[in-house]
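A.B. asks: Going by the working numbering, the sequence shown opens with residue 7, and the numbers climb by one from there.
Next up is a structure, given as structure tokens.
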Amino acid sequence: MPRMTAADAAVAILDREGITHAFGLPGAAINPFYAALRSHGGITHVLARHVEAASHMAEGYTRVRAGNIGVCIGTSGPAGTDMITGLYSASADSIPILCITGQAPVARLHKEDFQAVDIAAVAAPLTKMATTVLEPAQVPGVFAQAFHLMRSGRPGPVLIDLPFDVQLAEIDFDPGTYEPLPVYKPAATRAQIDKALAMLDRAERPVIVAGGGIINADAADLLVAFAELVNVPVIPTLMGWGCLPDNHPLMAGMAGLQTAHRYGNATLLESDFVLGIGNRWANRHTGGLETYRKGRTFVHVDIQPTQIGRVFPPDYGIISDARAALELFVQAAEERGRAGQLPDRDIWVKECQERKRTMLRRTHFDDVPIKPQRVYEEMNRAFGPETRYVSTIGLSQIAAAQFLHTYRPRHWINAGQAGPLGWTVPAAIGVCAGDPDATVVALSGDYDFQFMIEELAVGAQFGLPYIHVVVNNAYLGLIRQSQRGFDMDYCVQLSFDNVNAPELGGYGVDHVKVAEGLGCKAIRVFKPADIAPAFERAKELMAEFRVPVVVEVILERVTNISMGTELDNVVEFEELAARKEDAPTAIALLD
Ligand SMILES: Cc1ncc(C[n+]2csc(CCOP(=O)(O)OP(=O)(O)O)c2C)c(N)n1
Ligand SMILES: [Mg+2]
């Protein structure tokens, strides 16, 4: 039997489980694991500048391709606690990442050892498993179990904490015969699918709410096939956005309080039946449940048994992986179609399409300082359907969801539930590492960008080029807008006179200089007509220098973005589009 350190065994298992990349930074307590990484030599390591960033890089890496699992590594103590936000973000959005931490030696865990913190206890509620391995011989089993858990059922993160002496201890282990454990995914039965389809048949104005579970299950093609077979409009959630292209005739728009389309909300409110697949009924999608549920029948398909009935009791629930359910939905719908049993939905579909064409928000403004809507219009022109967008939180992200277009799964990569400021730069770097050929365009408000701006150096050091659009209003814009309800504008200003950059006119941080200082390229734009040339120049710079390129757009300080507390009370702050020139990059154009 081959003998090796437990750390060597762990790295060999990472390899056998298909891991090719890791994001992290070493410290004394994790050095044995780094020694094993070094002697293995087959895992590319990206050195983050902040450990929280390593966890977000891992998440971006997971999200970009089906089957990917991002690995983040840190030492004991503060490295683990820094990654807690990454574990929260990943668990909230059902994204598997494996977090590996170093730890004090076993015998010293309770002896006030330097940087010994019970990280497994801290991480427990945010992970599918969080464990400090006390017996070296358990290391292979713990890693096998970790991969089994991350891939089974509702995906999510795992933390493995390795005491220093456990990493160094020699164990018997044969990597050659190591085998990943089988993955468990519950699957709908045909009887359950037939029952759901019979309910759908009885509806007059049905919609499918398509959640991120469909993307996690790599089942977007089946969703499109099913929607087309039954001719039912689809409302993707923010996590499901991209599972059918925005220009698909059955894409009815997103519904919700913020990241939603006017036509998506109107169609949901007109509907009498909702089939939710792989979705959570998160409150930013539903708003108040009374409005959301009124007069509608609900079927809910979810991989996690306890998710059914958690937010509200559906009329019928099915516990199933989205792919397994959609395979049967397609099969059953095909049979019904051949037997001429599918209802004609043409009139309802046309009504939904008409709303998509007419209920538009205006994007075309020529104002200086630039109105944010114009930035998204220019992004729609500059970046094609293969673009992978990365964003996190803020008015910037909300407006992006309202105005940008997504055409493919995994092309809208967003921390949907946790929304941790600072996620965007590291997540974009993880996306670039996971798909080096992708066109990656990240979007941040000025504050989100400043949170982890140091990670730009990682993109420069490791040759991970992408374009980062920074919309600068010198404000915590979303919080400024939400403080209107308190009649205040308190602690949300980011504006100051930068003594080194008077040309910024009070917009504070000189993002161009900071980005350049970190080894990246950067362009600043003040006028609408300069946005498109800046994007073209950014593409050239990215190709030439292979580093992140920042395009900073100086916005008007105060622009309120459409949002509300109920699906039927979303407040519009700008005049709506009346002619096609008002929203020239909308999918379906007004006359
Ligand atoms: C860690 C963390 N702290 C606080 C918040 C609350 N928050 C959400 S958006 C936001 C302001 C974002 O400002 P900016 O990135 O400039 O975007 P803008 O809204 O101005 O477009 C804040 C403070 C958060 N999401 N995450
Ligand atoms: Mg801002």
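Glycine included, C-beta positions come from ideal geometry on N, C-alpha and C.
Measure the CB-CB distance between residue 12 and residue 172 and report whether it falls below 8 angstroms.
C.D. replies: yes
A.B. asks: Can you name, in chain order, every residue of its own chain whose Cβ lies under 6 angstroms from the Cβ of residue 378, other than the five neighbours on each side?
C.D. replies: For residue 378, the CB contacts under 6 angstroms within the same chain, skipping 5 residues up- and downstream, are 405, 477, 561 and 565 in chain order.
A.B. asks: Regarding residue 496 and ligand 1, is the C-beta to nearest heavy atom distance less than 7 angstroms?
C.D. replies: no
A.B. asks: Can you tell me the Cβ-Cβ gap for residue 328 and residue 314, rounded? I've got them flagged as a contact below 8 angstroms.
C.D. replies: 14 angstroms between Cβ atoms; not a contact.
A.B. asks: Where does residue 375 fall in DSSP's three states?
C.D. replies: coil
A.B. asks: Which of the three DSSP states is assigned to residue 326 in this structure?
C.D. replies: coil
A.B. asks: Tell me which same chain residues have a C-beta within less than 6 angstroms of the C-beta of residue 36, skipping the five on either side of it?
C.D. replies: 81 and 108
A.B. asks: Tell me whether residue 493 is buried or exposed, calling it buried when 16 or more other Cβ atoms sit within 10 Å of its Cβ.
C.D. replies: exposed
A.B. asks: Could you check what DSSP says for residue 582 in three-state terms: helix, strand or coil?
C.D. replies: Here residue 582 sits in strand by DSSP.
A.B. asks: Can residue 203 be considered in contact with ligand 2, in the sense that its beta carbon sits closer than 7 angstroms to one or more heavy atoms?
C.D. replies: no
A.B. asks: So, do the stretch 169-185 and the stretch 204-219 have three or more beta carbon pairs nearer to each other than 8 angstroms?
C.D. replies: Under the 8 angstroms Cβ criterion, the stretch 169-185 does not count as touching the stretch 204-219, having fewer than three qualifying pairs.
A.B. asks: Out of 70, 78 and 72, point me to the one whose CA is closest to residue 17's CA.
C.D. replies: 78
A.B. asks: When DSSP builds the beta bridges, which residues end up paired with residue 50?
C.D. replies: 27
A.B. asks: Nearest CA to the CA of residue 346: which residue from 122, 282 and 236?
C.D. replies: 236
A.B. asks: Comparing alpha-carbon positions, which option in 44, 330, 355 and 56 lies nearest residue 195?
C.D. replies: Closest by alpha carbon: 330.
A.B. asks: Any chance the CB of residue 481 is under 7 angstroms from a heavy atom of ligand 2?
C.D. replies: yes
A.B. asks: Let me check understanding here. Comparing Cα to Cα, which of 538, 553, 537 and 513 lies closest to residue 522?
C.D. replies: Closest option to residue 522, Cα to Cα, is 553.
A.B. asks: Using a Cβ-Cβ cut-off of 8 angstroms (strictly less than) and excluding sequence neighbours within five positions of residue 323, which residues of its own chain qualify?
C.D. replies: 305, 306, 307, 308, 314 and 315
A.B. asks: Which same chain residues, not among the five before or five after residue 321, have their C-beta less than 6 angstroms away from its C-beta?
C.D. replies: 303 and 304
A.B. asks: Going straight from the alpha carbon of residue 140 to that of residue 423, what length do you get?
C.D. replies: 34 angstroms
A.B. asks: Counting only the same chain and skipping the five closest in sequence on each side, list residues whose C-beta sits under 7 angstroms from that of residue 361.
C.D. replies: 269, 272 and 273
A.B. asks: What are the start and end residues of the alpha helix (DSSP H) that includes residue 508?
C.D. replies: Neither: residue 508 is in no alpha helix (DSSP H) and is coded neither H nor E.
A.B. asks: How about residue 393 and residue 430: do their beta carbons lie closer than 8 angstroms?
C.D. replies: Between residue 393 and residue 430, the C-beta spacing is not below 8 angstroms.
A.B. asks: Mind reading off the beta-carbon distance from residue 62 to residue 24? Whole number of angstroms is fine, and I expect it under 8 angstroms.
C.D. replies: Contact doesn't hold; Cβ gap of about 21 angstroms is too wide.
A.B. asks: I'd like to know if residue 271 contacts chain C, where contact means its C-beta is closer than 8 angstroms to some C-beta of that chain.
C.D. replies: Looking at the structure shown, chain C is missing, and only one protein chain is on hand.
A.B. asks: Going by DSSP, what residues sit across from residue 418 in a beta bridge?
C.D. replies: 395
A.B. asks: Which residue or residues does DSSP assign as beta-bridge partners of residue 240?
C.D. replies: 214 and 257
A.B. asks: Can you find at least 3 beta carbon pairs, one from the stretch 460-467 and one from the stretch 406-423, that sit closer than 8 angstroms?
C.D. replies: no
A.B. asks: With residue 356 as the anchor, note down where its alpha helix (DSSP H) starts and where it stops.
C.D. replies: 352-364
A.B. asks: Between residue 457 and residue 448, what straight-line distance do the alpha-carbon atoms span, to the nearest angstrom?
C.D. replies: 14 angstroms
A.B. asks: Residue range of the beta strand (DSSP E) that residue 448 falls in?
C.D. replies: Run containing residue 448: 446-451, per the beta strand (DSSP E) assignment.
A.B. asks: I think residue 240 touches residue 287, with their Cβ atoms under 8 angstroms apart; what is that distance to the nearest whole Å?
C.D. replies: The pair is not a contact, with the Cβ atoms about 16 angstroms apart (cut-off 8 angstroms).
A.B. asks: State the DSSP-derived secondary structure class of residue 592, mapped to helix, strand or coil.
C.D. replies: coil
A.B. asks: Closer than 7 angstroms by C-beta to residue 189: which residues in its own chain qualify, once you throw out the five before and the five after it? Chain order, please.
C.D. replies: 154, 157 and 158
A.B. asks: Is there at least one non-hydrogen atom of ligand 2 closer than 7 angstroms to the beta-carbon of residue 453?
C.D. replies: Residue 453: yes, Cβ under 7 angstroms from ligand 2.
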